[in-house]
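Q: Residue numbers (this note's numbering): 12 to 265. What follows is a single structure, and I will ask about it in a moment.
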Ligand code: NDP
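Given below as structure tokens:
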């Protein structure tokens, strides 16, 4: 895949991710759900992390019934998780699953859509914790398990408002700028000394509950479904992206 602006059209073999273990956060709904199912369809053993267990179980059932490798469920609420919780999770993955080849930091929360001058400090702190601090703590805890793999890929999920600020997007926009900074700093630190590649991915407007919450007046059908933007998600987890590190990518043409 030479042209990284056309990742939406990437269609790899169904064996692309055979033998790889990939953790997806926010795997119960929206883009995370589509990514978990798509990774399993391409041969990966997927670790489903999220806060609503019934949604994770539904994804588990869908993967199992379609003949994918048996996934694992790891419930965690990122709004209240501590660094000890992330360390515990990493230990459990090392003990029960083995090396980790991929981490998709996808879960996020929208928060309030209002001017910063009116934004509540509680919501601001919570959104930064869920959308940014969790990405740091989870990735940090999992580094040793990712280092055990021959090669590994971390994706941080960005947004258009994480690359150019926009009025009324509040802590969400700030958190996504933070995610980009986390990605760039870590990718630069690890680029020459590690088997781990780290990139950010902006999914672009996608038909999910979050999009509907942000744009209540928009017809949902005006945006693609999550499963149709999986090209970039697959590419970044597969062997063709081995040399891609520290890049800000887009799942849909801009
Ligand atoms: P959804 O709201 O559809 O899904 C978000 C997922 O994150 C859900 O599974 C949700 O769990 C989980 N989640 C939220 N808060 C927590 C928490 N505290 N602990 C654990 N899990 C949590 O959003 P999308 O699929 O649309 O978004 C996925 C990613 O893509 C996000 O990072 C978002 O910022 C980004 N994005 C999306 C765009 C779009 O147009 N959809 C555009 C640009 C970026 P639960 O189901 O239990 O609530």
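Where is the CB? At the ideal position from N, CA and C, for every residue including glycine.
Is the beta carbon of residue 18 within less than 6 Å of some heavy atom of the ligand NDP?
A: Not under cutoff, so the answer is no.
Q: If we ignore side chains and look at the alpha-carbon of each, how far apart do residue 59 and residue 25 end up?
A: For residue 59 and residue 25, the distance between alpha carbons rounds to 20 Å.
Q: Look at residue 212 and residue 138 and say whether their C-beta atoms are less than 7 Å apart.
A: Going by C-beta atoms, residue 212 is not nearer than 7 Å to residue 138.
Q: Applying the criterion that 16 or more other CB atoms from any shown protein chain within 10 Å of the CB defines a buried residue, is residue 175 buried or exposed?
A: So residue 175 counts as exposed.
Q: Any contact of the segment 25-37 with the segment 204-218, i.e. 3+ C-beta pairs under 8 Å?
A: Touching, no, given that fewer than three Cβ pairs across the two stretches are closer than 8 Å.
Q: Using only the alpha-carbon positions, how far apart do residue 146 and residue 100 sit?
A: Near 14 Å, if we compare the C-alpha coordinates of residue 100 and residue 146.
Q: Can you check the segment 48-116 for any beta strand (DSSP E) of at least 3 residues that lies completely inside it and give the ranges in chain order?
A: The qualifying runs are 56-61, 83-86 and 113-116.
Q: Cα-Cα, which of 237, 260 and 16 is closest to residue 173?
A: Here the closest residue by C-alpha is 260.
Q: Hey, would you say residue 49 sits closer than 7 Å to residue 241, going by beta carbons?
A: Going by C-beta atoms, residue 49 is nearer than 7 Å to residue 241.
Q: Nearest by alpha-carbon distance to residue 190: which of 28, 171 and 203 is it?
A: Nearest option by C-alpha distance: 171.
Q: Mind checking which residues open and close the alpha helix (DSSP H) that includes residue 205?
A: Neither: residue 205 is in no alpha helix (DSSP H) and is coded neither H nor E.
Q: Compare the C-alpha of residue 153 against each of 109, 202, 214 and 184 and name the closest.
A: With distances taken between Cα atoms, residue 153 lies closest to 109.
Q: Return yes when the C-beta of residue 177 is under 6 Å from any heavy atom of the ligand SAH, and no when it is not.
A: The model depicted lacks the ligand SAH and carries the ligand NDP instead.
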